[in-house]
Structure formats: structure tokens, C-alpha cells
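Engineer: Here you go, one structure.
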Amino acid sequence: MNKLKFLIAGILFGIILTKSEVISWFRIYEMFRFESFHMYGVIGSAVGLGIVAVQIIKRLQIKDFSGKPIVIPDKQMRFWPSLLGGTIFGLGWALTGACPGPIYTIIGNGFLVFIVVLASAVIGTLTYGLVMDKLPQK
Amino acid sequence: MTNWLTDPWPWYVAGPLITLTMVLLFLFGKTFGVSSTLRTICSIGGAGKWSDFFKFDWRSAVWNLFFVAGAAIGGYIASTYMTSGEAIALSEATTQSLKQVGIKNPGAEFVPSEIFQWANLATWQGLLFMVVGGFLVGFGTRYAGGCTSGHAITGLSNLQLPSLIAVVGFFIGGLIVTHFIFPFVL
Chain S
1 MNKLKFLIAG ILFGIILTKS EVISWFRIYE MFRFESFHMY GVIGSAVGLG
51 IVAVQIIKRL QIKDFSGKPI VIPDKQMRFW PSLLGGTIFG LGWALTGACP
101 GPIYTIIGNG FLVFIVVLAS AVIGTLTYGL VMDKLPQK
Chain D
1 MTNWLTDPWP WYVAGPLITL TMVLLFLFGK TFGVSSTLRT ICSIGGAGKW
51 SDFFKFDWRS AVWNLFFVAG AAIGGYIAST YMTSGEAIAL SEATTQSLKQ
101 VGIKNPGAEF VPSEIFQWAN LATWQGLLFM VVGGFLVGFG TRYAGGCTSG
151 HAITGLSNLQ LPSLIAVVGF FIGGLIVTHF IFPFVL
């Protein structure tokens, strides 16, 4: 039952992604052609407000619902993984029109063929785990 | 008159609600980031046999599988009970560019049905968009250490330099495909 709250948070997230059309391949295509402000507005306002929220959490040392201090882990500074991995993901994002969150949500929207995209993404992650030692990791 | 239930939500509603999702997960003692669920699925499937990368306590990550199961259910709820059925209001330039390459009704559905359909998995185009595309999403996010939620939203909100570099990469990749690959494959 303690997992139920995550299910509910996910349901809200899925509704937000659908209602704002950010799960649409067309919106991603439009974004990469710089022909609409919509996606930039969604991500930009989420980050802008997020910066304020994180600063408030840190400065006021806000605690989570179980009473523990909220710790937001730093992302490890690795230049080439961030740039190369980010670029590889960007290629896939434009092709599928979906980053990982939207892949799940668009399946729920009834586009069941995206199960193939999800399975391919799992295989992609699996493959990364097998070859990671051969890639630049700094 | 706008109907908030069935009309699309504008960016200034959706963006802050995504921030709220991130904060909600902080308050639950977790960090917002969807692509790590792909690694968790590999671990549950036994991939630890082949790579130590998948040997971690996946039970501590099961909460995120509930979150993404919810994201799918939320998609079902929104598409079933919260839609007007109207086409996406794409920009005119976008619509025209797609019609020129034979996409008949841009925005009528969330995805171009010419490309994203089961029968198309037997064509090189379908394989490129769905199988290769999905593979690159899974490979790239794990190499970069996050996706749009973990890097672009959470990482940038937390002023993380690696996240900024990753987001630059997201755009390098997306722009390459959209401007240099799509002219040949759409």
C-alpha cells in the first residue's frame, strides 16, 4: 500500500503529459524546427519554477513527509557521457517523438505499438550496460 | 469558452504541474527521473548475470515502476475521459512541412499513423523510427545518466552542469535527426 502514492503521482504525471500534448511526436518535431513556443514554454516554466522550488527546499531545509531532510543528489560530472549520451538520446527522442516518461504514457493512450519502442529502449539500456567499459566515461 | 477538462492545457499550466510532480516525489523521499526504470527492468530480468551495472538492489527502485505504471494509467484516463478529440494546434509551418512529405493529417492524432503502426515494423522506415529510435533512447539516457525528467527538469532545477551539457546533447541529436535525417526518411 505504501507504493500506492507513487502510482497516484504517476497518474497525475500521465494526465499532465497527455493534456499538454508533450507526448506527441508532432510537438517534438515542431520543437526541433523551432516553429512553436509550446515545448519551450512547458520545459522552461517547469525548470524556472523548479529552480525556485529547489532553492526553497535547500534554504529552508524542508523535510519530506517521513520527516527526513530532502536530499537532491548531485549529478556526477562526466563531460563526455553527458554530451555523447545526451546526443544519442536526442537522436532517439526526435525519431520516436518520445522520451522515457512519454513512452509509458503514450502506451496508456492506446498507441500500443509503442510497446515495441519501450522494449527497444530496454534493450538499448541493456546494451549500454554490456559495452559501458569500452566507452569514454569521463 | 475554455473547458479545462477537455481542452489542451497551455504550457503555463503544464510546466508548473511538472514542477509540482518533481516536488511531490521529493516530499515522498525520492528523486524524479524516469529513464532509470529501464535499468530496473533489466535488473529484474536478470541482466546482473552479464554486467555488474545491473547488480543493484532493484527493490529500492520498485517505487519508480509504480510511478511509470501510473503514467500509463494517466494516459489512459486523459485519452478516455479528458479529450475533445480535436486535432493538435500545430503551427502552420509545421503542418505544411509534414503535408509536403505525405503525412496526411498532421496533429489529428498524437503520432503520425503512417509511421507508427504495427504493419510498418516490417519496413525499414518503421524499424528506424520505432526500433532504432527506442534503442537510442534507452542507450543514450543511460550513458548520459538521465533523460528529460532526470537531467532537463530535475538536474537543471538543481543547477547541475552535467545536466546542462546533457540537454545541449539532447538538442544536438534532435536537430541532426530533424534537419539532416528526416529529409531522407520521411
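Taken in sequence, the protein lines are chains S and D. Here the first sequence is numbered in full-length UniProt numbering, starting from 1 and rising by one per residue. Here the second sequence is numbered in full-length UniProt numbering, starting from 1 and rising by one per residue. Just so you know, even glycine gets a beta-carbon here, dropped at the ideal spot from N, CA and C. Remember, it's a predicted structure, so these values are computed and weren't measured experimentally.
Put S:Pro81 into one of helix, strand or coil per three-state DSSP.
Structural biologist: S:Pro81 falls in the helix class under three-state DSSP.
Engineer: Can you tell me where the alpha helix (DSSP H) holding S:Met39 begins and where it ends?
Structural biologist: Where S:Met39 is concerned, the enclosing alpha helix (DSSP H) stretches over 38-59.
Engineer: Could you pull the start and end residues of the alpha helix (DSSP H) that S:Trp25 belongs to?
Structural biologist: 25-32 is the span of the alpha helix (DSSP H), which, as asked, contains S:Trp25.
Engineer: Taking the C-alpha atoms as reference points, what is the distance between S:Ile115 and S:Arg59?
Structural biologist: Roughly 42 angstroms separates the two Cα atoms.
Engineer: Go ahead and pull the three-state DSSP assignment for S:Pro136.
Structural biologist: DSSP places S:Pro136 in coil when its eight states are reduced to three.
Engineer: Of all the CB atoms in chain S, is at least one closer than 7 angstroms to the CB of D:Pro183?
Structural biologist: No, D:Pro183 lies away from the interface with chain S (no Cβ there is under 7 angstroms from its Cβ).
Engineer: Closer than 7 angstroms by beta-carbon distance: list the chain S residues that pair up with D:Ile44, in chain order.
Structural biologist: In chain order: nothing, as chain S lies at least about 10 angstroms away.
Engineer: Apart from the five residues just before and just after S:Ile28, which ones in its own chain have a Cβ nearer than 6 angstroms to its Cβ?
Structural biologist: Within the same chain, S:Ile28 has close Cβ partners Gly97.
Engineer: Quickly, what does DSSP pair S:Pro69 with across the bridge? List them, please.
Structural biologist: Answer is S:Lys63, bridged to S:Pro69.
Engineer: Quick check on D:Ala14 - is its C-beta less than 7 angstroms from some C-beta in chain S?
Structural biologist: Judged by the 7 angstroms Cβ criterion, D:Ala14 is in contact with chain S.
Engineer: D:Ala108 to D:Trp50, Cα distance in whole Å?
Structural biologist: Taking the straight line joining both Cα atoms gives about 44 angstroms.
Engineer: Sort D:Gly169, D:Ser149, D:Thr2 by Cα distance to S:Val42 and report the nearest one.
Structural biologist: Looking at the Cα atoms, D:Ser149 is the closest of the given residues.
Engineer: Evaluate contact between the segment 86-93 of chain D and the segment 53-60 of chain D, counting only Cβ atoms and requiring at least three cross-stretch pairs below 8 angstroms.
Structural biologist: Too few Cβ pairs lie closer than 8 angstroms, so no.
Engineer: For S:Trp80, would you say it is in contact with chain D, using Cβ-to-Cβ distances shorter than 7 angstroms as the test?
Structural biologist: So, not an interface residue.
Engineer: Looking at D:Ile18 and S:Ala46, is the spacing between their C-beta atoms short of 7 angstroms?
Structural biologist: Result yes, Cβ atoms of S:Ala46 and D:Ile18 sit closer than 7 angstroms.
Engineer: Are the beta-carbon atoms of D:Gly174 and S:Ala94 separated by less than 7 angstroms?
Structural biologist: Closer than 7 angstroms, so yes.
Engineer: Look at S:Thr18 and D:Gly75 and say whether their C-beta atoms are less than 7 angstroms apart.
Structural biologist: Going by C-beta atoms, S:Thr18 is nearer than 7 angstroms to D:Gly75.
Engineer: According to DSSP, is D:Cys147 part of a helix, a strand, or is it coil?
Structural biologist: DSSP places D:Cys147 in coil when its eight states are reduced to three.
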